[in-house]
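The numbering used here runs 82 ahead of the 1-based position in the sequence shown.
Have a look at the structure below before the remarks.
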Amino acid sequence: MVEAKVLMGSKMVEEKRISERRSPYNGEVVSTAPVCDADDARAALKIAKQAFERNRQIPLSRRIAWLRDVAKRIRDERELFAKTITDEIGKPIMFSRIEVDRCIETVELTADALTHVRGETIPVDATPSGRKATAFWRRVPAGVVVAITPFNFPLNLAAHKLAPALGAGCSVVLKPTPEAPGTAYLFARAFIESEYAVEDMLSLVYGDAEVGSALVGSDIPRVISFTGSVPVGHIITKTAGIKKISLELGGNAATFVERSADIAHAAARCAFGAFVNSGQVCISLQRIYVDAAIYDRFAEAIAQETKKLKVGSPYDDDTFMGPLINEEAKKRAMKWVESAKKEGARVIAGGELVEGIFAPTVMADVTEEMAIVCEEVFAPIVSLVKVESFDEAVQKMNDSPYGLQFSIFTNDLQMTQRALDRFECGGIVVNDVPTVRFDIQPYGGMKLSGVGREGPQFALEEFTEIQSVVIF
């Protein structure tokens with residue numbers, strides 16, 4: 083069991099009321115964390131501000147060494163990190179190990195990307211109003227960063243914020259999800275205990291709305307980096323004031339299975355993309371638009387693929403899907419299914435509890451009017467919608483307030499080009515599910531899915547400012 087601590091810069095705070103985190107699988111206490119309040123948030127921000135002002139000239143070589151050492155420390159404790167993720171959020175252990183490996187890669191990719199943060203000279207005498215001078219622009223650290231992270235990838239999504247922010251030379255206050263305090267503590271400790279650590283550049287506080295509001299509403303941070311729900315994203319944009327804001331919000335990921343597609347491949351990949359991490363991913367495949375000519379064959383194929391998936395204990399090496407994050411999420415998933423059934427949809431796989439776990443569920447005969455395809459479900463439920471053409475599919479896919487990632491399954495090159503031209507989203511995948519994300523890529527959405535981009539190279543732009551220099 084991990085006993086998380088508050089980190090006020092490089093110092094641990096011991097005297098705090100403690101809350102318990104229970105496993106969503108078996109209800110056992112798996113971690114504890116202090117209960118923080120707005121005063122803790124303000125204290126952490128003050129430390130971060132002082133640390134940034136004191137350490138802003140730390141050389142890049144030390145920041146790169148810091149990140150590489152953190153990656154090594156995580157690699158050395160891979161199993162502890164993986165088990166803690168599984169304990170706290172119920173993610174199957176094989177996927178927890180994958181998340182740890184991806185975190186290591188994210189930190190190392192950031193260290194690599196730091197050597198490419200460059201500026202450019204400017205010919206300021208190029209116009210008659212100009213004159214001869216040495217001029218250039220460069221990127222400088224933005225200042226204090228507030229990072230707020232979700233439960234579904236409690237380690238790697240924190241890495242996508244902490245590594246580029248600290249690597250860029252910013253100081254950070256991290257407020258992790260209340261569901262995984264132990265994971266965040268282990269990660270923050272890897273930074274603070276490193277021999278290359280820069281004193282007080284990272285603080286860690288826990289809590290929910292009170293702490294988050296104090297962090298976001300303060301005048302100290304220059305950047306707010308948030309991954310979470312659209313309603314909270316709205317609150318942040320209204321209360322943050324004049325700051326840089328990076329928001330990775332909800333999604334309603336969709337794919338189109340076109341008649342030339344490999345049906346067996348598409349069905350297998352769609353089952354994976356819909357149900358990995360119990361559907362609790364912003365880019366979980368939620369809507370599958372299928373050409374009417376192959377609809378029945380595809381429906382049968384994905385139902386069979388879904389039934390093959392092992393549901394059960396997240397501690398078994400071969401479990402594909404474990405529990406949802408809490409009982410409320412499980413009840414909400416059941417309500418989604420019952421609502422869709424009342425509206426005329428059919429369950430062709432799942433729709434029931436397996437050992438108390440909501441099973442991966444495929445809904446057929448879904449229409450675009452049903453709530454189950456209009457809103458983000460965030461559960462292991464995928465809906466099949468029959469369409470007569472690509473034009474109908476793309477119209478329905480784009481007719482959503484979200485625009486994170488879409489995909490298409492096709493062997494028609496012209497169809498691929500049409501999808502690239504018409505999909506309204508931040509990322510497009512061809513011949514795989516929209517749930518595909520490589521950490522080296524830019525990642526983010528359009529419309530209500532957010533603003534800004536993650537991915538080490540691109541996140542560094544979020545955590546730096548452009549500064550122009552002229553020398554006469």
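Cβ atoms here follow ideal geometry from the backbone N, Cα and C, with glycine treated the same way.
| query | What are the partner residues of A115, as DSSP defines its beta bridges? | reply | Here A115 is bridged, per DSSP, to S101.
| What is the DSSP secondary structure of K412, reduced to helix, strand or coil? | DSSP places K412 within a helical segment (H, G or I) once states are collapsed to three.
| message | For a test of your reading of the model: does the CB of G251 fall under 7 angstroms from any non-hydrogen atom of the ligand NAP? Yes or no. | response | Here there are no bound small molecules, and the ligand NAP is not part of this structure.
| Is there contact between the stretch 131 to 151 and the stretch 314 to 326, where contact requires at least three CB pairs shorter than 8 angstroms? | Segments in contact, no.
| What is the C-beta distance between C185 and I156, in whole angstroms, given that I count them as a contact (C-beta under 8 angstroms)? | The distance from the Cβ of C185 to that of I156 is about 6 angstroms, consistent with a contact at the 8 angstroms cut-off.
| From D121, L196, V112, residue whose alpha carbon lies closest to that of Q539 | Of the candidates D121, L196, V112, the one whose C-alpha sits nearest the C-alpha of Q539 is L196.
| task | Give the DSSP-derived three-state secondary structure of L435 in the structure shown. | result | Here L435 sits in strand by DSSP.
| query | Beta-carbon separation of G361 and P174 under 8 angstroms? | reply | G361 is not a Cβ neighbour of P174, given a cutoff of 8 angstroms.
| Looking at the unbroken beta strand (DSSP E) that takes in I327, where does it start and where does it end? | Residues 326 to 330.
| T443 in three-state terms, based on DSSP | Note: T443 maps to strand in three-state DSSP.
| task | Check whether the Cβ atoms of T388 and L268 lie closer than 8 angstroms to each other. | result | L268 is positioned such that its CB atom lies no closer than 8 angstroms to that of T388.
| request: State the CB to CB distance for the pair A115 and A86, rounded to an integer number of angstroms; the pair is presumed to be in contact (CB under 8 angstroms). | output: The C-beta separation of A115 from A86 comes to about 4 angstroms, placing the pair in contact by the 8 angstroms criterion.
| task | Identify every residue that forms a DSSP beta bridge with P223. | result | For P223, which the question treats as bridged, DSSP gives the partners T546.
| task | Would you decide whether L495 is buried or exposed? Buried here means 16 or more other CB atoms lie within 10 Å of its CB. | result | A residue is called buried once 16 or more other Cβ atoms fall within 10 Å of its Cβ, and L495, having fewer, is exposed.
| field | Alpha-carbon to alpha-carbon, V189 and A241 | value | A241 and V189: Cα-Cα distance of roughly 6 angstroms.
| task | On a CA-only basis, which of I100, E275, K417, M283 is nearest A133? Give me that one, please. | result | Nearest C-alpha to A133: M283.
| query | Does the Cβ of I553 have 16 or more other Cβ atoms within 10 Å, making it buried, or fewer, making it exposed? | reply | So I553 ends up on the exposed side.
| task | Between the Cα of S143 and those of I129, Y278, E102, spot the shortest distance and give me the residue it belongs to. | result | Selected option, being the one with the closest Cα: Y278.
| field | Start and end residues, alpha helix (DSSP H) containing K154 | value | K154 -> alpha helix (DSSP H) spans 142 to 158.
| request: Name the two residues that bound the continuous beta strand (DSSP E) containing T309. | output: Taken as a continuous stretch (DSSP letters only), the beta strand (DSSP E) holding T309 covers 305 to 309.
| query | Exposed or buried, D122, counting other C-beta atoms within 10 Å across all chains shown (16 or more means buried)? | reply | Under this definition D122 is a buried residue.
| task | Can you grab the Cα-Cα spacing for the pair G509 / T498, in whole Å? | result | C-alpha separation (whole angstroms): 14 angstroms.
| task | In angstroms with no decimal places, state the Cα-to-Cα distance between V464 and S178. | result | Each residue's Cα considered, the two are about 23 angstroms apart.
| Going by the beta-carbon positions, is the gap between P559 and I370 smaller than 8 angstroms? | A query on residue 559 cannot be resolved here, the shown segment of the chain reaching from 83 to 554 and no further.
| What's the call for P73, buried or exposed, on a 16-neighbour Cβ count within 10 Å? | No statement about residue 73 is possible, as the shown extent of the chain runs from 83 to 554 and does not include it.
| message | Suppose contacts are defined by Cβ-Cβ distances below 8 angstroms. Is E161 in contact with G264 by that definition? | response | Contact: no.
| query | Based on Cα-Cα distance, which residue from Y397, K128, A381 lies nearest to L286? | reply | In terms of Cα proximity to L286, the closest of Y397, K128, A381 is K128.
| Going by C-alpha distance, which of R150, T168, L329, I180 is nearest I230? | Out of R150, T168, L329, I180, L329 has the C-alpha closest to the C-alpha of I230.
| Residue range of the alpha helix (DSSP H) that Y525 falls in? | From DSSP, Y525 is part of no alpha helix (DSSP H); its letter is neither H nor E.
| As assigned by DSSP and simplified to three states, the class of L486 | Note: L486 maps to coil in three-state DSSP.
| Start-end ranges of the beta strand (DSSP E) lying completely within the stretch 270 to 325, minimum 3 residues | Counting whole runs of 3 or more residues, the stretch 270 to 325 contains the beta strand (DSSP E) stretches 284 to 286, 305 to 309.
| Rounded Cβ spacing between I302 and I318 (contact assumed at less than 8 angstroms) | Between the beta-carbon of I302 and that of I318 there is about 15 angstroms, and that puts the pair past the 8 angstroms contact cut.
| request: Might you give, ordered along the chain, the residues of its own chain that have their beta carbon closer than 6 angstroms to the beta carbon of F308, omitting 5 neighbours on each side? | output: Here F308 has I230, I318, L329 as same chain residues with Cβ atoms under 6 angstroms from its own Cβ, once five neighbours each way along the sequence are excluded.
| Going straight from the alpha carbon of I548 to that of I146, what length do you get? | Cα-Cα distance, rounded: 21 angstroms.
| message | Quick check on this structure: which residue in K257, V436, R220 has the alpha carbon closest to the alpha carbon of G310? | response | Of K257, V436, R220, the smallest CA-CA separation from G310 is found for K257.
| query | Excluding sequence positions up to five away, which residues of its chain have a Cβ less than 7 angstroms from the Cβ of L237? | reply | Exclusion of the five residues before and after L237 leaves F163, I167, E181, V182, C185, T265, F269 as the residues of its chain whose Cβ lies within less than 7 angstroms of its Cβ.
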